[in-house]
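To start, the structure under review is shown below, and the notes come after it.
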Amino acid sequence: MSKIIPFKAVRPTRDKAYLLSSRPSYSYNKKHLESKLEGNPYTFLHVINPEFREDDSTKPNTVERFEKVRDKYDEFKSLGYFTQDEVPAIYIYRQITPTNTYIGIIAAASVDDYLNGKIKVHEHTLSQREEMFKKYLNVCKFNAESVLLTYKDNEDIDALFEKYINTRSEYEFTNTREIKHDLWVVSDQKDIAALQDAFTNVEHSYIADGHHRVSSSTLYTQSQREKGYNGDEDFNYFMAFYIAESKLRIFSYNRTVSSLNDLTSEEFLLQIEKAFTLTKSKEEYHPKSLHNLSMYFDESWYSLTIKDEFIDNDNPVGCLDAQLLSTLVLSPILGIHDLKTDNRVNFIEGTKGMEALQESVDSNISKVAFGFFPVSIDQLKRVADTNNIMPPKSTWIEPKIRSGLTVFEF
14 MSKIIPFKAV RPTRDKAYLL SSRPSYSYNK KHLESKLEGN PYTFLHVINP
64 EFREDDSTKP NTVERFEKVR DKYDEFKSLG YFTQDEVPAI YIYRQITPTN
114 TYIGIIAAAS VDDYLNGKIK VHEHTLSQRE EMFKKYLNVC KFNAESVLLT
164 YKDNEDIDAL FEKYINTRSE YEFTNTREIK HDLWVVSDQK DIAALQDAFT
214 NVEHSYIADG HHRVSSSTLY TQSQREKGYN GDEDFNYFMA FYIAESKLRI
264 FSYNRTVSSL NDLTSEEFLL QIEKAFTLTK SKEEYHPKSL HNLSMYFDES
314 WYSLTIKDEF IDNDNPVGCL DAQLLSTLVL SPILGIHDLK TDNRVNFIEG
364 TKGMEALQES VDSNISKVAF GFFPVSIDQL KRVADTNNIM PPKSTWIEPK
414 IRSGLTVFEF
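With positions in the sequence shown counted from 1, the corresponding number in the working numbering is that position plus 13.
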């Protein structure tokens, strides 16, 4: 049983939805970010970067910086860029890319569902980042970016989508990346009740993206509860985008390595062949199945198939290709024992294709690159259901939801 509630979203006026909502700030490089800020006075990036064009600057991730974020947010509201719904609603959001269609609901998810294990995790979180985000929530008191949660497909939820997607959406716009965005406001009490009832049949949901946001929201909730609470306060919830498993897209998260650990090319390949069947490819190679990897090395593509004796399918984490690469190659051969701290390894999202791996090696940024077959949703759930943690950067999951499209205040 999963609990969702409607909320009165603060969101862009219809004429500014395209201009105001944005990709997360961290997804831009410095030059592109400055260009966006310079060219668009409405973008939500101004809220997250409130000191643009200011002479005075505060340190990142401080109370002083977060106070400026809140002030800029309030300024956007006072200027009429944002409006707040008068009645609580749940929001149907659809994203259509050139290759995929994603649809789900934006609602407030329960922190208690997370504490009780109904919302499951598959990634480690860092206490330093948790505390930083908690401080942000304590000052700003809003969520502007939804946590991505996935659940087992449910016909009752899908039926409500069908009812709404044939009507005019509140927002409809396409960005320069050829991604179309639609948002429908579900304020009808019968439809909200039907959705909430359908979610009582969702036994568990899984965090697909946003582990730190959930854990920091939980810390914030617990700090507010110290003052007394009845459970109905908004601080007991966080904003989430729920999407069915079948509509989620999991891409690989590939690796490049900048050093061969003093090995020659011949020595490196001999070491690889101890645990892999190595086949040279005449063209760019894409992994064909689990336990089959691609490798780009010395201007050549290879197929790497992990030998059966190294695969333990009874181990939910140990049988993951990302873990096997670390166990069989990165650690024993290349001397990389901690992916979080060793700067010799870099991660490239699978959406950039195998050509990004080749470019990294051919430009001498890296010595070797490895590509994976994507993790399946069943593998992800198996790790979470057994209370295990996936290796760092094991998945690149889409959709990525725009910041500022809906804002949840508490």
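For each residue, glycine too, the CB sits at the ideal point set by N, CA and C.
Bear in mind that the values here come from a model prediction, so they are computed numbers and not experimental data.
Y184 is positioned such that its CB atom lies closer than 7 Å to that of L196. In this structure, the beta-carbon distance from V124 to N249 falls below 7 Å.
DSSP places L196 in the uninterrupted beta strand (DSSP E) bounded by K193 to V199.
When S313, Y219 and S389 are compared, the shortest CA-CA separation from D398 is found for Y219. Contact check for F289 and K320: beta-carbon distance about 7 Å, within the 8 Å limit, so the pair qualifies.
Look at E136 here: in three-state DSSP terms it is coil, with no helix or strand label. For M308, there is no enclosing alpha helix (DSSP H); the residue is found in the beta strand (DSSP E) stretching over N305 to F310. Look at A22 here: in three-state DSSP terms it is coil, with no helix or strand label. Between the C-alpha atoms of S259 and A221 there is a straight-line separation of about 13 Å.
A distance of 7 Å or more separates the beta carbons of K193 and D126. Using a 10 angstroms sphere on the CB of R181, the tally of other CB atoms stays under 16, which defines it as exposed. The residue among I390, D98 and F360 with its C-alpha nearest the C-alpha of I378 is F360. By the beta-carbon neighbour count (other beta carbons within 10 angstroms, threshold 16), G241 is exposed. Ranking S416, E411, G331 and F423 by CA distance to the CA of L162 puts E411 first. CA-to-CA, the gap between Y309 and E368 works out to about 10 Å. In the DSSP assignment, M367 falls within the unbroken alpha helix (DSSP H) covering M367 to D375. Using a Cβ distance threshold of 7 Å, K287 and S313 do not count as a contacting pair. Take S34, set aside five residues on each side of it, and the residues of its chain with a beta-carbon closer than 7 Å to its own are P25, F57, R415, S416, G417 and L418, in chain order. By the C-beta criterion, the segment 38-46 is judged not to be in contact with the segment 66-74, since fewer than 3 inter-stretch pairs fall below 8 Å.
For D69, no beta strand (DSSP E) run applies, since DSSP gives it neither H nor E.
The DSSP-derived three-state label of F386 is coil. The Cβ atoms of Y298 and S316 lie closer than 7 Å to each other. Cα atoms of S344 and D375: separation of roughly 24 Å, rounded to the nearest angstrom. By the criterion of at least three beta-carbon pairs nearer than 8 Å, the segment 18-32 is in contact with the segment 110-121. In this chain, the alpha helix (DSSP H) harbouring V227 covers H224 to R238. One alpha carbon belongs to N401, the other to D171, and they sit about 30 Å apart. Contiguous alpha helix (DSSP H) elements confined to the segment 141-200 occur at 168-178, taking only those with 4 or more residues. For a cut-off of 8 Å, the C-beta gap from S91 to L150 is around 22 Å, too long to register as a contact. DSSP assignment within the segment 274-332 yields the following whole beta strand (DSSP E) runs of 3 residues or more, N-terminal first: 289-294, 305-310 and 313-319.
Per the coordinates, the alpha-carbon of E64 lies some 44 Å from the alpha-carbon of M14. With respect to the 7 Å criterion, Y31 and F254 are not classified as neighbours on the basis of their beta carbons. Nearest to Q392 by alpha-carbon distance, out of C332, G363, D311 and L370, is C332.
Proximity of the segment 231-246 to the segment 382-396 falls short of the contact definition, fewer than three beta-carbon pairs being nearer than 8 Å. A direct Cα-Cα distance of roughly 31 Å separates D275 from S302. The beta carbon of Q371 sits closer than 6 Å to those of Y309, all from its chain and outside the five residues before and after it, given in chain order.
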